[in-house]
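In our numbering, the protein residues as written are 13 to 331. Just so you know, even glycine gets a beta-carbon here, dropped at the ideal spot from N, CA and C. Report on one structure; see the data block that follows.
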């Protein structure tokens with residue numbers, strides 16, 4: 013093999029091997045206990061290790077649900093208000109680079125409908141590949157379709173399982189119910205049928221769930237465990253798990269690290285990994301806002317580019 017061809021082949025092979033072994037990342041939301049006023053922040057989560065990095069503060073309280081739109085926009089469902097005040101229960105668009113959120117619409121008629129003094133609804137959020145927005149409440153057991161422009165809601169499930177995290181695949185919306193029965197559910201947006209897939213073998217009682225599929229169709233979940241009373245040992249705060257969407261079998265589990273320490277750990281709630289995948293013939297999603305370096309790794313990517321440029325320069329000299 014000629015030297016130029018050998019360099020190009022090696023560069024191409026490095027890119028392929030790096031891509032094959034890489035893991036994407038996801039976005040998570042949670043209240044930062046170390047921040048003044050207990051501010052909600054957007055975090056980046058490495059799906060391979062569970063390591064988290066704070067991106068920035070959202071500017072809205074209690075971002076329970078996260079989801080990526082087919083156009084790559086990151087949406088958040090807030091159970092609270094903007095930090096500057098105003099009405100609660102709203103849809104936000106979040107800048108994935110800075111974490112800053114901007115108001116989109118209020119969920120019509122939902123504020124104060126939940127139990128307790130604050131009427132909390134504890135939302136889950138998903139977006140199907142046709143751009144439809146879906147919202148759940150784990151306190152009421154309702155599931156709605158939402159008009160993101162106006163905030164108008166259409167209830168499709170009433171007093172069902174307490175679904176916390178939501179995720180979309182094709183025309184199906186998946187959800188995980190919380191304590192006392194942590195299980196995986198599937199809702200078909202065409203047939204309007206809600207099916208219990210099966211129980212999830214968790215290590216403790218689960219309080220909140222973030223849920224999403226990655227670009228390869230793997231289902232990831234953030235499990236936020238109930239905090240025990242003072243003086244009792246804590247098993248865990250947050251785990252990142254992979255779930256088989258067809259059986260609810262727990263495929264892997266790892267603890268979340270980097271989001272606070274000791275008692276001041278962040279209770280991560282929402283999770284968004286990739287825009288929804290469309291079935292054959294459906295509306296194609298846009299490219300996921302995952303950096304090239306996240307997939308290929310900075311070392312291998314740089315080496316491959318150097319080899320490719322070197323080969324190109326050598327070829328140019330020969331011409």
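Check, Outcome
"Burial state of residue 50, where buried means 16 or more other Cβ atoms lie within 10 Å", "exposed"
"Straight-line gap, residue 191 to residue 73 (C-alpha atoms, nearest Å)", "23 Å"
"Euclidean distance between Cα positions of residue 186 and residue 87", "17 Å"
"Spatial distance of residue 235 from residue 95 (CA atoms)", "26 Å"
"Residue 66, buried or exposed, once every other Cβ within 10 Å from all chains shown has been counted against 16", "buried"
"Contacts around residue 110, its chain only, beta-carbon distance under 6 Å, and the 5 residues preceding and following it disregarded", "68"
"Three-state secondary structure assigned by DSSP to residue 205", "coil"
"Chain D within 8 Å of residue 186, Cβ atoms only", "In the structure shown, chain D cannot be found, because there is only a single protein chain."
"Same chain only: Cβ atoms within 6 Å of residue 155, ignoring 5 sequence neighbours per side", "148, 168 and 169"
"Opening and closing residue of the beta strand (DSSP E) in which residue 280 lies", "279-284"
"Span separating the alpha-carbon of residue 105 from that of residue 160", "10 Å"
"Chain-order list of residues whose beta-carbon lies under 7 Å from that of residue 263 (same chain, five-residue window excluded)", "254, 255 and 256"
"Buried or exposed (CB count within 10 angstroms, at least 16 for buried), residue 205", "exposed"
"Beta-bridge partners of residue 250, as assigned by DSSP", "236"
"Endpoints, the beta strand (DSSP E) within which residue 1 is located", "Missing from the structure shown is residue 1; the chain here goes from 13 to 331 and no further."
"Rounded C-alpha distance that separates residue 341 from residue 249", "Residue 341 is absent from the model: the chain starts at 13 and stops at 331."
"Nonlocal neighbours in the same chain, by C-beta distance under 7 Å from residue 81, ignoring five residues either side", "87, 139, 143 and 287"
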